[in-house]
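To start, the structure itself, in structure tokens.
Residue numbers (UniProt numbering): 1 to 110.
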């Protein structure tokens with residue numbers, strides 16, 4: 001199986017990256033007319049301006065949000081039920097194919 005980090009950016013990932021390379025006022029102007037969640041491009045702009053525009057950072061941002069989702073699944077399960085349930089929820093979220101596949105896409109899907 002080919003590693004996801006060996007693949008070039010897809011069209012939608014490239015569009016998101018190009019948009020996030022613009023100035024912050026331009027991004028806000030463009031995303032105000034878009035149907036996608038607006039904070040993604042702002043987060044990506046922050047990453048690009050602090051770390052750079054390499055593909056690993058484009059996809060790494062999505063993976064970071066994926067890990068945050070796993071963490072919150074644990075916290076919610078632990079808070080509502082027990083630590084064991086929280087751990088099960090975190091493992092289930094981490095191994096969920098839907099979440100896992102989209103965790104490596106450089107878009108807001110994660």
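For every residue, glycine included, the Cβ atom is placed at its ideal position computed from N, Cα and C.
Around the C-beta of residue 8, fewer than 16 other C-beta atoms lie within 10 Å, and the residue is accordingly described as exposed.
Here the alpha carbons of residue 28 and residue 50 stand approximately 19 Å from one another. Secondary structure at residue 85: helix, using DSSP grouped into helix, strand and coil. Only buried fits residue 105, as 16 or more other CB atoms lie within 10 angstroms of its CB. Taking the C-beta atoms as reference points, residue 45 is found nearer than 8 Å to residue 24. The stretch 82-98 makes no contact with the stretch 10-22, as fewer than three CB pairs between them are under 8 Å.
By the neighbour-count definition (other C-beta atoms within 10 Å, threshold 16), residue 95 is an exposed residue. Of the candidates 75, 77 and 65, 65 places its Cα closest to the Cα of residue 107.
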